[in-house]
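S.K.: Numbering (my numbering), first residue to last: 1 to 440.
Just passing along the structure, written as C-alpha cells.
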Ligand SMILES: [Zn+2]
Ligand SMILES: [Zn+2]
C-alpha cells in the first residue's frame with residue numbers, strides 16, 4: 001500500500017540534498033509531495049496519518065549492497081521474507097543479495113524464480129547478483145549476458161575469491177558486453193590456509209591459526225591491476241585491513257573504476273574480542289587489529305571506502321554453538337548496522353553523523369540502484385530514527401531467523417522506528433505511538 005502520511009517535526013538529515021534541519025514531510029501515494037518548515041504543511045493527507053516525529057531524526061533509507069538471504073536452499077537460516085524484515089527493521093529500504101545459495105544463482109532460471117519470489121515476499125526491494133563462475137567453483141564462467149538480461153545487477157563469487165587471475169580477466173572482458181558490476185571477495189586461499197581469525201598477537205596467544213591481512217591486500221592489488229588493464233568495473237567487498245586501503249588509494253589515484261565497502265563489525269570491533277572464543281565473533285574476513293580498524297574508519301571518513309555494507313550472514317544456532325575453530329564464518333548485521341556505527345563511532349566523535357548517513361546508502365549507485373533522496377517528487381525511501389533510544393541487542397529477539405549477531409547483548413543507542421521503502425511502510429516499531437517507552 002502506498003504510504004499516505006505527514007511526518008511532522010522530525011530533524012531531517014540528507015547530506016546529498018544538503019538538508020540538516022527540522023522539516024515536515026508530506027507523503028502522498030508513496031511519494032514525497034511536499035517538504036516544508038514545521039507547521040507549514042496541511043496537517044494530514046486525505047485519509048492519511050499524522051506522525052509526530054518531534055525529537056527524532058529522518059534519514060534517507062539505507063541501502064545494503066551485501067546480504068546473504070540464504071534462499072534457495074538454506075531457508076532454516078533465513079529467507080527473503082525474514083531477511084528483508086530484518087533489513088526494514090534496520091532502516092534499509094533496499095538490499096542486494098549474494099548468489100552463494102544452494103543451488104547457486106548461476107543460471108537465469110534460478111534468478112527468475114528468485115525475482116518472482118521477491119516480488120511477493122520481500123518487505124523491501126531486493127536486487128540480485130549472479131555468480132561469476134558456475135557453482136562458484138572458479139572453473140567456468142556463467143552466461144553473464146543472459147543473467148544480465150534476467151535482471152542480475154552484477155556478478156560475484158562471494159564466499160569465495162576468484163582464485164585464477166585468468167578467470168577474472170575473462171570475466172572482466174565479458175563484463176564489457178554484459179555490463180553490471182563485478183564484486184569481489186578478496187582472499188588468497190594459499191595465504192588464508194586453515195585460518196580461523198586474524199593473524200596477529202591474539203591468534204598467537206590463543207594458539208589459533210591466523211588469516212594474515214596480506215591474504216586480502218595482495219588480491220586487492222592483483223584484481224585492481226586487472227581492472228585497470230581490462231578497463232573493468234569492480235567493487236571490493238568487506239575490505240578489512242590497512243594494506244587493502246593503501247592498494248585502493250593507489251588504484252583510485254590511477255583512475256581505476258574501483259569501489260569499496262566496509263562492514264560495521266570491522267569498523268567497531270577488533271581481534272581482541274576473539275579472546276572470548278564466542279563464535280559470534282568469527283567471520284570472514286576476520287576482525288582485525290586496532291590499527292586496521294582505525295584505518296577503515298579513516299578510509300570511510302575520507303570517502304576512500306565508498307559505502308557501508310553489512311555482509312549479513314545468518315547461521316542457525318546449532319551451527320554456531322560449536323567450538324570456535326569449527327563454527328561457520330559470518331555475523332548477522334542488518335538490524336544493528338546503524339546503531340552500532342552511531343554508538344561506537346559517532347557518539348565518541350570518531351566520525352560525523354552525516355558521513356555515516358551518506359555512506360549507509362551510497363552502495364545504491366554502485367549497483368545502479370536509485371539513490372534514496374529526501375526531495376520533492378522522489379519515492380518515499382525514508383527511515384525515522386530515535387537517536388536517544390537505548391536498547392539491548394537481541395533482548396526482544398530478532399526479525400532475522402538467525403541470532404548470530406556479533407553485537408548480541410550490547411546496549412546500543414539509536415533505534416529505527418519507521419522504514420518506508422519504495423513508497424510503502426516496510427517497518428514500524430510496535431510501540432511507535434509511545435516510542436519513548438523504548439528508551440530505558
Ligand atoms: Zn565474502
Ligand atoms: Zn558475504
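Ideal Cβ placement from N, Cα and C applies to all residues, glycine included.
Would you mind giving the Cβ-Cβ distance between residue 170 and residue 141, rounded to the nearest angstrom? I have them listed as a contact below 8 Å.
M.R.: Position 170 of the chain shown, counting from 1, holds the residue named residue 170. Position 141 of the chain shown, counting from 1, holds the residue named residue 141. Yes, residue 170 and residue 141 are in contact; Cβ-Cβ is about 6 Å, under 8 Å.
S.K.: Using DSSP with H/G/I as helix, E/B as strand and the rest coil, what is residue 77?
M.R.: Position 77 of the chain shown holds residue 77. Of the three classes helix, strand and coil, the one that applies to residue 77 here is coil, per DSSP.
S.K.: Please find out if some non-hydrogen atom of ligand 2 comes closer than 7 Å to the beta-carbon of residue 260.
M.R.: Residue mapping note: residue 260 aligns to position 260 of the chain shown, counting from 1. No.
S.K.: Secondary structure at residue 125, three-state DSSP: helix, strand or coil?
M.R.: Along the chain shown, one-based indexing puts residue 125 at 125. Coil at residue 125, not helix or strand.
S.K.: Closer than 7 Å to a non-hydrogen atom of ligand 2 - does that hold for the CB of residue 313?
M.R.: The residue labelled residue 313 in the question sits at position 313 within the chain shown. Under cutoff, so the answer is yes.
S.K.: Label residue 187 either buried or exposed according to how many other C-beta atoms from any shown protein chain fall within 10 Å of its C-beta, with 16 as the threshold for buried.
M.R.: Along the chain shown, read from residue 1 onward, the residue named residue 187 stands at position 187. It is buried - the Cβ of residue 187 has at least 16 other Cβ atoms within 10 Å.
S.K.: Taking DSSP's pairing of strands, which residues face residue 50 in a bridge?
M.R.: Here residue 50 refers to the residue found at position 50 of the chain shown. Answer is 6, bridged to residue 50.
S.K.: Examine the Cβ distances between the stretch 127-139 and the stretch 84-102 and report whether three or more of them are shorter than 8 Å.
M.R.: The stretch 127-139 is in contact with the stretch 84-102.
S.K.: Please report how far the alpha carbon of residue 427 lies from the alpha carbon of residue 5, in whole angstroms.
M.R.: Residue numbering aside, residue 427 sits at position 427 when the chain shown is read from its first letter. Residue numbering aside, residue 5 sits at position 5 when the chain shown is read from its first letter. For residue 427 and residue 5, the distance between alpha carbons rounds to 14 Å.
S.K.: Around the C-beta of residue 286, are 16 or more other C-beta atoms found within 10 angstroms, so that it is buried, or is it exposed?
M.R.: Position 286 of the chain shown holds residue 286. Counting Cβ neighbours within 10 Å, residue 286 comes out buried, since at least 16 surround it.
S.K.: Return the CA-CA distance between residue 294 and residue 344, expressed in angstroms with no decimal places.
M.R.: In the chain shown, counting from the first residue as 1, residue 294 sits at position 294. In the chain shown, counting from the first residue as 1, residue 344 sits at position 344. Straight-line Cα distance between these residues: approximately 12 Å.
S.K.: Residue 306 and residue 353 - do their beta-carbons sit closer together than 8 Å?
M.R.: Here residue 353 is taken as the residue at index 353 of the chain shown, counted from 1. Here residue 306 is taken as the residue at index 306 of the chain shown, counted from 1. Cβ atoms of residue 353 and residue 306: not closer than 8 Å.
S.K.: Can you tell me where the alpha helix (DSSP H) holding residue 407 begins and where it ends?
M.R.: Indexing the chain shown from 1 puts residue 407 at position 407. Per DSSP, residue 407 belongs to no alpha helix (DSSP H) and is neither H nor E.
S.K.: Which stretch, first to last residue, makes up the alpha helix (DSSP H) that contains residue 320?
M.R.: The residue you call residue 320 lines up with position 320 of the chain shown. Where residue 320 is concerned, the enclosing alpha helix (DSSP H) stretches over 317-320.
S.K.: Unbroken beta strand (DSSP E) runs of length 3 or more, entirely within the stretch 345-410: which are they?
M.R.: Listed in chain order, they are 382-392.
S.K.: Which two residues bound the contiguous beta strand (DSSP E) that contains residue 443?
M.R.: The shown model of the chain, from 1 to 440, leaves out residue 443, and the question about it has no answer.
S.K.: Is it buried or exposed, residue 116, if we count other Cβ atoms within 10 angstroms and call 16 or more buried?
M.R.: Residue mapping note: residue 116 aligns to position 116 of the chain shown, counting from 1. Residue 116 should be labelled exposed.
S.K.: Whose C-alpha, out of 342, 250 and 237, is nearest the C-alpha of residue 312?
M.R.: Indexing the chain shown from 1 puts residue 312 at position 312. Among 342, 250 and 237, the Cα nearest to that of residue 312 is on 237.
S.K.: Is there contact here, the stretch 59-68 with the stretch 23-31, by at least three beta-carbon pairs under 8 Å?
M.R.: Cβ pair count under 8 Å is below three, so no.
S.K.: Decide if residue 326 is buried, meaning its Cβ has at least 16 other Cβ atoms within 10 Å, or exposed.
M.R.: Position 326 of the chain shown, counted from the first residue, corresponds to residue 326. Answer is exposed; the Cβ neighbour count stays below 16.
S.K.: Between which residues of its own chain and residue 241 is the CB-CB distance below 7 Å, once the five residues before and five after are set aside?
M.R.: In the chain shown, residue 241 corresponds to position 241, counting from 1. Cβ neighbours of residue 241 beyond the five flanking positions: 213, 216, 217, 288 and 292.
S.K.: If we ignore side chains and look at the alpha-carbon of each, how far apart do residue 131 and residue 206 end up?
M.R.: The count along the chain shown starts at 1 and reaches residue 131 at position 131. The count along the chain shown starts at 1 and reaches residue 206 at position 206. Cα to Cα, the separation comes out at about 36 Å.
S.K.: Starting from residue 197, follow its DSSP beta bridges and name the residues at the other end.
M.R.: On the chain shown, residue 197 is found 197 positions in, with the first residue counted as 1. For residue 197, which the question treats as bridged, DSSP gives the partners 210.
S.K.: Might you give, ordered along the chain, the residues of its own chain that have their beta carbon closer than 7 Å to the beta carbon of residue 202, omitting 5 neighbours on each side?
M.R.: To locate residue 202, count along the chain shown from 1; it is residue 202. Hits under 7 Å: 271, 272, 274 and 275.
S.K.: For a test of the three-state rule: what should DSSP assign to residue 298, helix, strand or coil?
M.R.: Taking the first residue of the chain shown as position 1, residue 298 is located at position 298. Here residue 298 sits in helix by DSSP.
S.K.: Between which residues of its own chain and residue 178 is the CB-CB distance below 7 Å, once the five residues before and five after are set aside?
M.R.: Here residue 178 is taken as the residue at index 178 of the chain shown, counted from 1. Cβ neighbours of residue 178 beyond the five flanking positions: 144, 145 and 148.
S.K.: Mark residue 120 as exposed unless 16 or more other C-beta atoms lie within 10 angstroms of its C-beta, in which case mark it buried.
M.R.: Within the chain shown, the letter at position 120 stands for residue 120. Label assigned to residue 120: exposed.
S.K.: Near residue 27, which residues of its chain fall below 6 Å by C-beta distance, leaving aside the five closest residues on each side in sequence?
M.R.: As a position in the chain shown, residue 27 is number 27, starting the count at 1. 3, 5 and 380.
S.K.: My guess is that residue 502 and residue 90 are in contact by the Cβ rule of under 8 Å, so how many angstroms apart are they, rounded?
M.R.: Only positions 1 to 440 of the chain appear in this structure, which leaves residue 502 out of reach.
S.K.: For a test of the three-state rule: what should DSSP assign to residue 64, helix, strand or coil?
M.R.: Residue numbering aside, residue 64 sits at position 64 when the chain shown is read from its first letter. Looking at residue 64 - three-state DSSP - the assignment turns out to be strand.
S.K.: If you follow the alpha helix (DSSP H) that residue 235 is in, where does it begin and where does it stop?
M.R.: For the purposes of this step, residue 235 is identified with residue 235 of the chain shown, where counting begins at 1. No alpha helix (DSSP H) holds residue 235; the beta strand (DSSP E) holding it covers 233-236.
S.K.: Measuring only from the beta carbon, is residue 158 closer than 7 Å to any heavy atom that is part of ligand 1?
M.R.: If you number the chain shown from 1, residue 158 lands on position 158. Residue 158: yes, Cβ under 7 Å from ligand 1.
S.K.: To the nearest angstrom, report how far apart residue 71 and residue 316 are at their CA atoms.
M.R.: Residue mapping note: residue 71 aligns to position 71 of the chain shown, counting from 1. Residue mapping note: residue 316 aligns to position 316 of the chain shown, counting from 1. If I take the Cα positions, the gap works out to 14 Å.
S.K.: Less than 8 Å between C-beta atoms, sequence neighbours within five positions excluded: which residues of the same chain meet that for residue 52?
M.R.: Position 52 of the chain shown holds residue 52. Excluding residues within five positions, the ones whose Cβ falls inside 8 Å are 8 and 9.
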